[in-house]
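Enquirer:
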Amino acid sequence: MNRIVAMEIAENIRSLKSTLGENVALVAVSKTKPVSDIMEAYNAGQRIFGENKVQEMVAKRDLLPNDIQWHFIGHLQTNKIKYMAPFVSLIHSVDSEKLLVSISKEAEKNNRVIDCLLQIKIASEQTKFGMSPQDAQALLASGIQNKLSFVNIKGVMGMASFVDDESQVAAEFALLKKTFDNLKTGFFADSPAFNVVSMGMSDDYRIAITQGSNMVRIGSLVFGERHYE
Ligand SMILES: *Cc1c(COP(=O)(O)O)cnc(C)c1O
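Going by my numbering, the letters in the sequence shown line up with residues 22 to 250, in that order.
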């Protein structure tokens with residue numbers, strides 16, 4: 022049983038990577054999954070893993086190879102930043118100036134620069150975190166990206182509504198890509214490092230790619246359904 026599941030994880034990684042090609046990065050979302058599952062993906066060549074709880078990410082990191090790039094994709098509280106500041110590779114979920122300032126402080130204490138994405142609210146649903154495209158525009162118009170030396174804003178992240186209407190999902194992703202393009206033109210025209218559009222999950226990554234995603238965050242399609250306790 023276990024062996025079959027393990028082989029499936031490796032196969033899922035290989036087939037996703039060949040579908041995605043060179044230009045779309047795969048974040049394997051390993052939240053709730055054991056380190057043994059992560060090792061199966063690792064042994065199939067996967068190096069980027071996404072987690073949405075700081076404690077869980079820190080605990081797993083201690084048990085797994087050092088060359089894993091850990092991406093934080095969950096809602097973030099300022100008091101948790103310090104635990105991941107020594108190692109986190111990319112924080113996808115920055116949705117306020119306060120968070121950005123706190124991340125920069127913790128990064129400085131660790132003598133490193135932390136890469137971040139601005140999480141943009143593109144879904145019509147009320148529950149989603151993220152700043153509006155206008156808020157992101159205003160934040161960068163304040164010049165914060167030049168004042169904080171220990172964060173590097175690399176792009177945007179967003180989640181579409183959980184609906185069957187593919188045209189709605191496509192429109193929401195198109196809004197995120199347009200927001201990225203506007204921010205790039207307005208504030209990062211000379212910064213090739215501002216180049217990440219993180220959008221697309223197991224159910225909608227194909228749509229996201231047609232709308233310009235270059236980083237997808239995929240959990241269930243790699244590791245199977247999650248079982249929450
Ligand atoms: C859980 C999660 C994912 C992956 O979801 P799947 O549907 O399992 O692919 C992607 N992004 C975020 C922010 C998540 O919390």
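Ideal Cβ placement from N, Cα and C applies to all residues, glycine included. Bear in mind the structure is a predicted one, so any value in this text is a computation, not a measurement.
Have a look at Glu61 and Arg82 and give me their C-alpha separation to the nearest angstrom.
Expert: 15 Å
Enquirer: Smallest Cα separation from Glu193: which of Ala181, Leu97, Pro213, Pro55?
Expert: Ala181
Enquirer: When you compare only the Cα positions, how much space is there between Ser163 and Ser36?
Expert: 43 Å
Enquirer: Between the C-alpha atoms of Arg68 and Cys137, what's the straight-line distance to the nearest angstrom?
Expert: Going by the C-alpha atoms only, they are around 18 Å apart.
Enquirer: Tell me which residues share the same chain as Met28 and place their Cβ nearer than 6 Å to its Cβ, disregarding the 5 neighbours each side in the sequence.
Expert: none
Enquirer: For Ile94 and Gly233, what's the separation of their Cα atoms in angstroms?
Expert: 19 Å
Enquirer: Straight-line CA distance for Asp116 to Gln155?
Expert: 12 Å
Enquirer: How many Å lie between Met22 and Ile34 at the Cα?
Expert: The predicted model places Met22 with a pLDDT of 46, which falls under 50 and marks its position as unreliable; any figure quoted below should be read in that light. Using only the alpha carbons, I get a separation of about 19 Å.
Enquirer: For the beta strand (DSSP E) that contains Leu111, what are its first and last residues?
Expert: 111–115
Enquirer: Here's the rule: buried if 16 or more other CB atoms are within 10 angstroms of the residue's CB, otherwise exposed. What is Asn73?
Expert: Classification for Asn73: buried.
Enquirer: So, helix, strand or coil for Ser219, using DSSP?
Expert: Three-state result, Ser219: strand.
Enquirer: Arg238 and Val48: beta carbons closer than 8 Å?
Expert: yes
Enquirer: Do Asn167 and Ala214 come within 8 Å of each other at the CB atom, strictly closer than that value?
Expert: no
Enquirer: I need the DSSP call for Val122, collapsed to helix, strand or coil.
Expert: Here Val122 carries a helix assignment [DSSP, helix/strand/coil].
Enquirer: Along the chain, where does the alpha helix (DSSP H) containing Val75 start, and where does it finish?
Expert: 75–84
Enquirer: Whose CB is closer than 5 Å to a heavy atom of ligand 1? List the residues in chain order.
Expert: Val50, Asn73, Ile94, Met222, Ser223, Arg238, Ile239, Gly240, Ser241
Enquirer: To the nearest angstrom, how far is it from the Cα of Ala106 to the Cα of Asp211?
Expert: 27 Å
Enquirer: Going by the beta-carbon positions, is the gap between Ser125 and Leu169 smaller than 8 Å?
Expert: yes
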